[in-house]
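Q:
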Amino acid sequence: MKRRWIAAKRLRYQKRRQAYEAARRAEYLKWLRHKRRAAQGRPKEKLLASGERVLKGPVIFSMTRNPDGMNRFLEELLRERDRGHTVFVDLSEIKDLTFDAIAVLLARISEKRFRVGGVRGNEPSDPDLREMLIASGFYGHIQRSIGVDQAGQRGEMIREGGLKAEGAVARQLIQRAKCGPESHLEVYRILVDSMNNTFDHATPSGGRLGQSPVRWWASAYNSRTGGRGHFAFVDNGIGVLESLNVRGVRLLARSIGLHDDHSLLRAVFDGKIASRTDLPNRGHGLPGIKGVAERGVVKNVIVITNGVVADLSRGDYRKLAYPFGGTLLTWEVES
Amino acid sequence: MKQLTLVIATEFSATPGPRYERQGPDSGEKFREKLLLPKFDEAEKMGLTLLVDLDGTAGYATSFLEESFGGLARARGKDKVRATLQIKSDEQPFLLDEVWSYVDEAETAAKR
């Protein structure tokens, strides 16, 4: 009787010991994997659940202040999703956050490929940035994707999407963003011309050949404290420079000495390169947006497309190390 | 001199849209075909000028203005448009130069 009790006790002990050893071994293997990744210079990445990947947001989470870092992050986000993984966006370590980056991230994860179980995430550890993200209404716009307490809270950010150029939508966005009367008309021009460009130029065939038009996203954010309205217009199309490739405009540009992408984009905004439609009365949209920037009522007009970032308000065009797939326009107005 | 007037904000739309109808509602193409050309022809027939008032709308995309006024010049000729058309834009005075440049460019384009 006594011996039987000792055997049962021993079996329980052995089971506990085996479980403990298995857990320690798993911990060791995890540590080893991280060590190998670090030695290879790869970012720290761990498998949370089956098929889920962690992707760290760049410390400077801003399209205008860190376009290369953000483009690299967005590229990885899409790549991981295309491999079939759910992506966990880790924003805990970010130190800087701007509205344009929130708008771009929302536009990206609004794509079809993210609709079912595509992306999850956490909040910044920095209390100010966390407050900004929550106040922007970020979680309210992604309630389908992220199940956090703030879901449903739309905050101060207004977002509209569409396929066609709709003046009524542009006006609604401007009114809800509480733009001053002076900037109202100028912002309307940027929005409708941008919608028009997305409809005509964001697909490889330019809306012909039965290709469905690309969706655009326009966002406005009027912070309670800043006294400035921030706008962002994003499309996930082919981008301004890629659209020039379609009809050989880029080849023609090279023949007149425009070899770099940034000088080519400058020529497009200066109205020196015609629209890809080949019609002489077309191609006024982008020079028109540059005109708005030059009149100065609308501030900090920045365009990021393909491999170039252009600050239209300062006339500064810069090449990027990591290209942006699509077109982003951001600008600010006095409230 | 007597004149006909066409106020875009009240007679057409407070939110003028893109260039063509297929691109979105309240396009420049629709404005030109439904309102601008008939009124222009009427004014010309009666020997009057046509004053188009751009004020009171939410704003204008470049493509809307080019398709409307550049399209009018392509259809009726720059000289006739210059003789008959007048533009009013107190809210955005730079639009006057812009519209007339579309009229001038339209004829140059048509000659090519």
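Line order of the protein sequences matches chains A and B.
Numbers 1434 to 1768, taken from the numbering used here, label the letters of the first sequence in order.
Numbers 37 to 148, taken from the numbering used here, label the letters of the second sequence in order.
We put the beta carbon where it would ideally sit given N, CA and C, even for glycine.
Every value quoted in this text rests on a predicted model; they were computed, and no experiment measured them.
1) Which same chain residues end up closer than 6 Å to Arg1546 (chain A) when comparing Cβ atoms and leaving out the 5 residues on each side of it in sequence?
2) In chain A, which residues lie less than 8 Å from Pro61 (chain B) when you measure between Cβ atoms?
3) Along chain D, in chain order, which residues have C-beta atoms closer than 7 Å to that of Ser99 (chain B)?
4) What did DSSP end up calling Arg1548 (chain A) once you bin it into helix, strand or coil?
5) For a contact defined as C-beta to C-beta under 7 Å, what are the partners of Glu127 (chain B) on chain A?
6) Going along the chain, which residues of its own chain have a beta-carbon closer than 6 Å to the beta-carbon of Val43 (chain B), five neighbours each way excluded?
7) With DSSP as the reference, identify every bridge partner of Ala1568 (chain A), one or two as the case may be.
8) Would DSSP call Leu1762 (chain A) helix, strand or coil?
9) Contact criterion: CB-CB distance below 9 Å. Does Gly1670 (chain A) meet it with respect to chain B?
10) Could you check where the beta strand (DSSP E) with Asn1739 (chain A) kicks off and where it finishes?
11) Residue ranges of each beta strand (DSSP E) run of no fewer than 3 residues wholly in the stretch 1453-1529 of chain A, ordered along the chain?
12) Would Glu134 (chain B) and Leu101 (chain B) be called neighbours here (beta carbons separated by less than 9 Å)?
13) If we count Cβ pairs, one from each stretch, closer than 8 Å, do we get three or more for the stretch 1595-1611 of chain A versus the stretch 1742-1760 of chain A?
14) Please compile the residues from chain A whose C-beta is within a distance smaller than 7 Å of the C-beta of Ala111 (chain B).
15) If we call anything under 9 Å between Cβ atoms a contact, is Glu65 (chain B) one with Asp91 (chain B)?
16) Just reading off the alpha helix (DSSP H) that Asn1630 (chain A) is part of, what are its end residues?
17) Am I right that Gly1721 (chain A) and Thr98 (chain B) are in contact with their C-beta atoms under 8 Å? What's the rounded C-beta distance?
18) Using DSSP bridges, identify the partner residues of Gly1554 (chain A).
19) So is Met1628 (chain A) buried or exposed if we call it buried at 16+ other beta carbons inside 10 Å?
20) Are there 16 or more other CB atoms within 10 angstroms of the CB of Leu1719 (chain A), so buried, or fewer, so exposed?
21) Report all residues from its chain with a CB closer than 8 Å to the CB of Ser1507 (chain A); omit the five preceding and five following residues, and keep chain order.
A: On the basis of the data shown:
1) Arg1514
2) Lys1597, Glu1599, Gly1600, Ala1601
3) Annotation note: the requested chain D is absent from the structure, which comprises protein chains A and B.
4) coil
5) Leu1618
6) Asp89
7) BP columns for Ala1568 (chain A) are empty, so no partner.
8) strand
9) no
10) 1732-1744
11) 1485-1489, 1519-1523
12) yes
13) no
14) Result: empty, since nearest Cβ-Cβ is about 12 Å, beyond 7 Å.
15) no
16) 1614-1634
17) 4 Å
18) A:Val1522
19) buried
20) buried
21) First, the amino acid is wrong: residue 1507 (chain A) is Leu here, not Ser. Val1537, Leu1538, Arg1541, Phe1757, Gly1758.
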